[in-house]
């Protein structure tokens, strides 16, 4: 990924009233949508500078270097912004193959069936083993 | 897509303080992320019932049957919700091949380069021809 030298590209992003922007992380190779999170300006700047996904944790109220505890970092190959400049898309390589804190590859493991939401993806690693 | 007969699955969704949930629309075949929008409870219920994407337009403050003006409706093949139950993912077939109001296939056509955000996707149809 190529990050610009100056910060004009960050000024062009439309931050919401909390100074955040939604971020979608997609497997660069398979196209699988792995997770959804939020970024503030610093998180997006750090993501572009370091080439690794940094989000803003709304629950913890601080920067969240994805993988800081689990080791499941995300190498960012490409950054995109949408037509309204208010959503970013990250094309990533998921280190360790697990994006979700439940130990599944993707956070989107619940599919709507006639019986309701059904978990249709396997747990690849016990979260107790991930967060020791 | 299979919609449940009762509405318990809608109660299991975590709506934000505005009663909305982020929705990601992804091409079911290619995996391409086509757009991002918001849904309220009624929009999500209608999407499941009709098999066509219905969003909540925050700017217009009303339901937005995707394609109502452009004809570029979205046939929903699968609905997923994430681990926190606060983001939905739609696997869709994009009727007309154009999801973006700019006439491009996807809304995510701006890629970050060293020179800043660069438009890297072709306009497939002039918006003046789409919204007549």
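Protein chains in written order, with UniProt numbering: chain A, 1 to 132; chain B, 1 to 132. Where a beta carbon is used, it is the ideal one built from N, C-alpha and C, also for glycine. Bear in mind that the values here come from a model prediction, so they are computed numbers and not experimental data.
Below-7 Å beta-carbon distance, residue i vs any chain A residue
| i | result |
| --- | --- |
| residue 110 (chain B) | yes |
| residue 119 (chain B) | no |
| residue 80 (chain B) | yes |
| residue 102 (chain B) | yes |
| residue 89 (chain B) | yes |
| residue 22 (chain B) | yes |
Environment of residue i [buried if 16+ CB atoms lie within 10 Å]
| i | result |
| --- | --- |
| residue 14 (chain B) | exposed |
| residue 67 (chain A) | buried |
| residue 11 (chain B) | exposed |
| residue 106 (chain B) | buried |
| residue 54 (chain A) | buried |
| residue 26 (chain B) | buried |
| residue 80 (chain A) | buried |
| residue 5 (chain B) | exposed |
| residue 132 (chain B) | exposed |
| residue 82 (chain A) | buried |
| residue 114 (chain B) | exposed |
| residue 91 (chain B) | buried |
Own chain residues within Cβ distance below 7 Å of residue i, not counting five before or after
| i | result |
| --- | --- |
| residue 126 (chain A) | 103 |
| residue 119 (chain A) | 109 and 110 |
| residue 40 (chain A) | 19, 20 and 56 |
| residue 121 (chain A) | 104, 105, 106 and 109 |
| residue 69 (chain A) | 131 |
| residue 51 (chain A) | 1, 75 and 76 |
| residue 97 (chain B) | 105 and 124 |
Sequence-distant residues of the same chain with beta carbon closer than 8 Å to residue i, five excluded per side
| i | result |
| --- | --- |
| residue 95 (chain B) | 67, 71, 72, 73, 74 and 75 |
| residue 29 (chain A) | 93 |
| residue 100 (chain A) | 34, 35, 106, 107 and 109 |
Proximity test, Cβ basis, 7 Å: residue i and chain B
| i | result |
| --- | --- |
| residue 4 (chain A) | yes |
| residue 10 (chain A) | no |
Under 8 Å by beta carbon: chain A residues contacting residue i
| i | result |
| --- | --- |
| residue 26 (chain B) | 31 and 33 |
| residue 123 (chain B) | Ordered by position in chain A, no residue passes the 8 Å Cβ test against residue 123 (chain B), which lies about 11 Å from the chain. |
| residue 1 (chain B) | 112 |
Contacts that residue i makes with chain B (C-beta to C-beta distance below 8 Å)
| i | result |
| --- | --- |
| residue 115 (chain A) | 4 |
| residue 48 (chain A) | 112 |
Close Cβ partners of residue i (< 6 Å) along its chain, the five nearest in sequence each way excluded
| i | result |
| --- | --- |
| residue 64 (chain A) | 55 and 57 |
| residue 87 (chain B) | 22 |
| residue 89 (chain A) | 24 and 80 |
| residue 49 (chain A) | 3 |
Contact list for residue i against chain A, beta-carbon separation under 9 Å
| i | result |
| --- | --- |
| residue 54 (chain B) | Those do not exist, as residue 54 (chain B) stays about 15 Å from chain A at its closest Cβ, beyond 9 Å. |
Cross-chain neighbours of residue i in chain B, by beta carbon under 9 Å
| i | result |
| --- | --- |
| residue 95 (chain A) | What residue 95 (chain A) touches in chain B: nothing, since even the nearest Cβ is about 19 Å away. |
Worksheet item: Can you list, in chain order, the stretches of the alpha helix (DSSP H) that have 4 or more residues and sit fully within the stretch 76-130 of chain B?
Response: 127-130
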